[in-house]
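Let me begin by presenting the structure, written as structure tokens, before commenting on it.
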């Protein structure tokens, strides 16, 4: 007979454990069963704990997945909306640019027609021309004499000063800039220089040279200073383009048009007198230093500006008064 496998038991075996195959007596098989049952319950509890942890982790994963999916959908929709908005803005911008070009061409044609009508209505006989030129020459000589007395150091430029009586006032001057030219002026990398040249020479060829200068320089000033940023001045824009633009300023009438563009631009800014005075002084000094306008021309404009027909001259004259005073004082 086989004894119980418990080390201290001498009883005969009465059962075999099917779990571990131990041969035990009736007393020890009961004890062994309790131990096995306890261990089994502990394993069940561990399994339940692991299952609960897995469920919690799974819930967290599901929640994170849903949140990520919602964020992804939101991000996707936001970018779709931005793309649509950019497309709409670009479409509107292209239409506005096209409309601006059409309006510019219409204004050019109207200016051209107006100039032709003016020429047809102002024909005079040869004798009147001779008499008028004689009077103009007399006035010019007296004006030049007065200017030479006021300025001890005459300018070395070849552009001469003429009197307001020998110059026709600009009729219906252009008072706006071109967004396309402003865009070209803002680019100082050189990549748009040829585009700018082509637009000025080709697209504005039918516009009178004076009004062409007016449009170009008003666009230059808009590129130099945005009215939305009242304290920001892009001086690099002026310095970069001035050498190329000087070739369009061929005579004193063109210099006066540049001054008129300065006057119109600053007047449109609607700044206080102090800031307007500073802008006037800076622009006058810049164009004087770069030999685009002469001292004689500034004096002529200051004394005879009412004659040229631009609105706001008296106000501009007050803004320019400190600069004019310094100009005269430094010339004596």
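Numbering (the numbering used here), first residue to last: 369 to 700.
In this text, a Cβ means the ideal position worked out from N, Cα and C, and glycines have one as well.
Keep in mind the model is a prediction, meaning the values are calculated, not measured.
* residue 391 - partner residues in DSSP beta bridges -> As a first step, residue 391 is located in the chain shown; it is residue number 23 there, counting from the start. Bridge partners of residue 391: 384.
* Can you check whether the CB of residue 648 is closer than 8 Å to the CB of residue 589? -> Here residue 589 is taken as the residue at index 221 of the chain shown, counted from 1. Here residue 648 is taken as the residue at index 280 of the chain shown, counted from 1. No, these two residues do not count as a Cβ contact at 8 Å.
* Asked: Going by beta carbon distance, what residues of the same chain come within less than 8 Å of residue 464, once the five residues before and after it are set aside?
  -> Along the chain shown, read from residue 1 onward, the residue named residue 464 stands at position 96. Around residue 464: 547.
* Report all residues from its chain with a CB closer than 8 Å to the CB of residue 605; omit the five preceding and five following residues, and keep chain order. => Looking up residue 605 in the chain shown gives position 237. Cβ neighbours of residue 605 beyond the five flanking positions: 553, 554, 556, 588, 591 and 592.
* To do: Give the DSSP-derived three-state secondary structure of residue 379 in the structure shown.
  => Position 11 of the chain shown, counted from the first residue, corresponds to residue 379. In the structure shown, residue 379 sits in coil (DSSP, three-state: anything other than H, G, I, E or B).
* Whose C-beta lies closer than 6 Å to the C-beta of residue 687 among residues of the same chain, with five residues either side of it excluded? -> Numbered from its first residue, the chain shown carries residue 687 at position 319. Excluding residues within five positions, the ones whose Cβ falls inside 6 Å are 644, 645 and 648.
* DSSP three-state assignment for residue 371, whether helix, strand or coil -> If you number the chain shown from 1, residue 371 lands on position 3. Residue 371: strand per DSSP, three-state reduction.
* **C-beta atoms of residue 630 and residue 623 nearer than 8 Å** => Start at 1 with the first residue of the chain shown, and residue 630 comes out as number 262. Start at 1 with the first residue of the chain shown, and residue 623 comes out as number 255. Not in contact: residue 630 and residue 623 (Cβ atoms no closer than 8 Å).
* Excluding sequence positions up to five away, which residues of its chain have a Cβ less than 7 Å from the Cβ of residue 638? -> Here the question's residue 638 lines up with position 270 in the chain shown. Nothing listed; no residue qualifies.
* Asked: Under 8 Å between the Cβ atoms of residue 379 and residue 393?
  -> Position 11 of the chain shown, counted from the first residue, corresponds to residue 379. Position 25 of the chain shown, counted from the first residue, corresponds to residue 393. Their beta carbons are under 8 Å apart, which means residue 379 touches residue 393 by this criterion.
* Asked: Apart from the five residues just before and just after residue 567, which ones in its own chain have a Cβ nearer than 6 Å to its Cβ?
  -> Start at 1 with the first residue of the chain shown, and residue 567 comes out as number 199. Taken in chain order, the list of residues that qualify is empty.
* For residue 685, which residues of its own chain have a beta-carbon under 7 Å away from its beta-carbon, when the five flanking residues on both sides are left out? -> On the chain shown, residue 685 is found 317 positions in, with the first residue counted as 1. Taken in chain order, the residues that qualify are 670 and 673.
* Helix, strand or coil: how does DSSP classify residue 668 here? -> As a working mapping, residue 668 is identified with position 300 in the chain shown. DSSP places residue 668 in helix when its eight states are reduced to three.
* Whole-angstrom Cβ separation of residue 381 and residue 370, contact assumed at under 8 Å? -> Locating residue 381 in the chain shown gives position 13, where the first residue counts as 1. Locating residue 370 in the chain shown gives position 2, where the first residue counts as 1. With a Cβ gap of about 5 Å, residue 381 and residue 370 count as contacting.
* Reference residue 544; option with closest CA among 562, 635 and 438 -> Stepping through the chain shown from its first residue, residue 544 is reached at position 176. The candidate whose alpha carbon is nearest that of residue 544 is 635.
* Pull up the CB-CB distance for residue 549 and residue 584, whole angstroms please, since I reckon it's below 8 Å. => Numbered from 1 along the chain shown, position 181 holds the residue referred to as residue 549. Numbered from 1 along the chain shown, position 216 holds the residue referred to as residue 584. Confirmed, about 6 Å.
* Asked: Can you tell me the Cα-Cα spacing of residue 570 and residue 560, whole angstroms?
  -> Taking the first residue of the chain shown as 1, we reach residue 570 at position 202. Taking the first residue of the chain shown as 1, we reach residue 560 at position 192. Looking at the two C-alpha atoms, the distance is approximately 15 Å.
* **Where the alpha helix (DSSP H) through residue 608 begins and ends** => The residue you call residue 608 lines up with position 240 of the chain shown. 603–613 is the extent of the alpha helix (DSSP H) around residue 608.
* **Nonlocal neighbours in the same chain, by C-beta distance under 7 Å from residue 404, ignoring five residues either side** => Locating residue 404 in the chain shown gives position 36, counting from the first residue. Within the same chain, residue 404 has close Cβ partners 387.
* Would a C-beta distance cut-off of 8 Å place residue 633 and residue 564 closer than the cut-off? -> The residue you call residue 633 lines up with position 265 of the chain shown. The residue you call residue 564 lines up with position 196 of the chain shown. No. Outside cutoff.
* Asked: When DSSP labels each residue in this structure, what does residue 639 get in the three-state scheme?
  -> Walking along the chain shown from the start, residue 639 turns up at place 271. Coil at residue 639, not helix or strand.
* Counting along the chain, where does the alpha helix (DSSP H) carrying residue 659 start and finish? -> Locating residue 659 in the chain shown gives position 291, counting from the first residue. First-last for residue 659: undefined, no H or E at that position.
* Asked: Looking at residue 654 and residue 626, is the spacing between their C-beta atoms short of 8 Å?
  -> The count along the chain shown starts at 1 and reaches residue 626 at position 258. The count along the chain shown starts at 1 and reaches residue 654 at position 286. No; because the gap between Cβ atoms is not below 8 Å, this pair is not in contact.
* **Limits of the alpha helix (DSSP H) - the one that residue 566 falls within** => Walking along the chain shown from the start, residue 566 turns up at place 198. Per DSSP, residue 566 belongs to the alpha helix (DSSP H) from 561–566.
* Taking just the CA atoms, how far does residue 435 sit from residue 472? -> Along the chain shown, read from residue 1 onward, the residue named residue 472 stands at position 104. Along the chain shown, read from residue 1 onward, the residue named residue 435 stands at position 67. Straight-line Cα distance between these residues: approximately 54 Å.
* Are the Cβ atoms of residue 407 and residue 391 separated by less than 8 Å? -> The residue given as residue 407 occupies position 39 in the chain shown. The residue given as residue 391 occupies position 23 in the chain shown. No, the pair does not count as a contact, with Cβ atoms beyond the cut-off.
* Environment of residue 641 [buried if 16+ CB atoms lie within 10 Å] -> As a working mapping, residue 641 is identified with position 273 in the chain shown. Classification of residue 641: exposed, given that the 10 Å Cβ count is below 16.
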